[in-house]
Every structure is written in structure tokens, then in C-alpha cells.
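S.K.: Numbering (my numbering), first residue to last: -2 to 193.
Questions regarding the structure given below will be posed in turn.
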Amino acid sequence: MSREEQILERLAELDLALAERVHAKAMAAEDAGEIDRLGRTYQRIARSVRQSLMAKARVAREREAAARRESLGRLEAGLGRRGFYDVFDDDPPPTVHGPDTRDRIDEVCRAARPYVERERPDFDEADEAQIHGLARELAEYDDFLEVSVAESVDRILEILGYPEVAVAEAAQAGQSDAGGSAPPVPPPEPPAHDSA
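Here you go:
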């Protein structure tokens, strides 16, 4: 939380405490003029509380939006986590991939997604991130750009524990190489998502 947010939060707390005191006095007042004066004071203080809370929320949104823009800018520039490497960490910093490798990673992710969605009906962003992470790991191998997208998808599916898809594709490739006319393996069904 930024210093501005802390100040705005404290102001809101002070205003709220004051509003509670004024409200209690207005409730205890007997004179109509006194009730009217305290009521207007209470309204001004309550408005101040709301404005402080809205300002705090706006500052938080702006801070989060700036962090998202910076993060996206770093990712688009291919910087990833560069500059945040712990020298005592056993793992090396992530490799910065060139545009061809990044395009291939995206292509592999798009190709693998339908298969994983078919196997996992509750497919979500975590699964998407896992696919992307595996594709990035495969990109660390020297032959990543030479290997076909289908073979990379096969590797991802095997890692995720879905060898039946990889085996079916390998069987189809083996039969077609042998001169047989095996029927093609149908593409995976698109996932059924509720529109309600």
C-alpha cells in the first residue's frame, strides 16, 4: 500500500469517527435547530468519508494499472524477469527468446490447448499458464525451432500425463509412413462452456 493510500485510509477512519460522534449528538439532541445543524454537519462529514474512500480506491487502481502496464511492457519486450535474478538461486535466469521462438511458443500453446481442454473439463487460466510454461521449457532445447509444432504438442501432452493423444498421433504417423491409409485422428471437440 502506498503512502498516499495510507493517508487516505487514515483520513477516512478519522472522518468516520467524527461522523459517529456527530451522529450520536444529533440522535441525543432535543432542539429542532440543533438537530438540523448536526444533521448537515453529519452529511458533510459522511461525504468526506466517501470521498476519501473513493480517492483511496482510485489511487490503488492507478497503482495496479501502472504495475500491469510495466509488467506487460517487460513481457512484450522479451525481458521477462531479467533484473530480478537472485544470485544465490540454483536456477539460471530465464532465457530471453527471440521473436521466432516466441511465435513458435505461442503456436505450440494454441495447438496444445484444445487437447488439454478436452481432457480437463474445468480448464482455466492455471492450465493455460502450465501449457505456456511447458512450451517455454521446451524452447530452451536447441532443436525447438526445428521440431514440428505437432511434436512439441506431443511432448507437452506426455508431460501432462495424456499419452493417449500422443500415442494416437504417433500411431497415425507410423501407419501413414508404412503406406497404409489410416483414417485421420479427428481433432478434439471444442470445449462446451456454459453461456448462462
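Backbone N, C-alpha and C fix where the C-beta goes; we use that ideal spot for every residue, glycine too.
Taking the beta carbon of residue 81 as the centre, do at least 16 other beta carbons fall within 10 Å, making it buried, or is it exposed?
M.R.: Bear in mind that a pLDDT of 48 at residue 81, under 50, signals an unreliable position, so the number given afterwards is only what the model happens to contain. Result: exposed.
S.K.: Between the alpha carbons of residue 133 and residue 145, how many angstroms are there, rounded?
M.R.: Rounded to whole angstroms, residue 133 to residue 145 spans 15 Å at the Cα level.
S.K.: Does the beta-carbon of residue 7 have 16 or more other beta-carbons within 10 angstroms, so that it is buried, or is it exposed?
M.R.: Flag for residue 7 reads exposed.
S.K.: Which residue's Cα is closest to the Cα of residue 37: 101, 19, 49 and 51?
M.R.: Here the closest residue by C-alpha is 19.
S.K.: Could you please give the first and the last residue of the uninterrupted alpha helix (DSSP H) stretch that includes residue 149?
M.R.: Where residue 149 is concerned, the enclosing alpha helix (DSSP H) stretches over 146 to 156.
S.K.: Could you check the C-alpha separation between residue 2 and residue 125 for me, to the nearest Å?
M.R.: In a straight line, the C-alpha of residue 2 is about 34 Å away from that of residue 125.
S.K.: Hey, out of 143, 0, 107 and 28, whose CA is closest to residue 56's CA?
M.R.: The option with the nearest alpha carbon to residue 56 is 0.
S.K.: According to the neighbour-count rule (16 or more other Cβ atoms, all chains shown, within 10 Å of its Cβ), is residue 25 buried or exposed?
M.R.: By the 10 Å Cβ count, residue 25 comes out exposed.
S.K.: Going by the beta-carbon positions, is the gap between residue 110 and residue 141 smaller than 8 Å?
M.R.: It is not a contact, given that the beta carbons lie outside the stated cut-off.
S.K.: Could you tell me which of 120, 107 and 116 sits nearest to residue 150, measuring between CA atoms?
M.R.: Nearest of 120, 107 and 116 to residue 150, Cα basis: 107.
S.K.: Rounded to whole angstroms, what is the Cα-Cα separation between residue 22 and residue 62?
M.R.: Their backbone Cα atoms lie some 42 Å apart in a straight line.
S.K.: At what residue ranges does the segment 107 to 147 contain a whole run of the alpha helix (DSSP H), taking only runs of 4 or more?
M.R.: Correct list: 122 to 135.
S.K.: Out of curiosity, what's the CA-to-CA distance linking residue 147 and residue 130?
M.R.: Whole-angstrom Cα-Cα distance: 17 Å.
S.K.: In whole angstroms, what separates the C-alpha of residue 43 from that of residue 17?
M.R.: The straight-line gap from Cα to Cα measures roughly 9 Å.
S.K.: Just mark residue 59 as buried or exposed, buried being the case when its beta carbon has 16 or more other beta carbons within 10 Å.
M.R.: Label assigned to residue 59: exposed.
S.K.: In angstroms, rounded to a whole number, what distance separates the CA positions of residue 105 and residue 64?
M.R.: Cα to Cα, the separation comes out at about 28 Å.
S.K.: Where do the ends of the alpha helix (DSSP H) carrying residue 12 lie?
M.R.: Counting along the chain, the alpha helix (DSSP H) containing residue 12 begins and ends at 0 to 25.
S.K.: Taking just the CA atoms, how far does residue 41 sit from residue 33?
M.R.: For residue 33 and residue 41, the distance between alpha carbons rounds to 13 Å.
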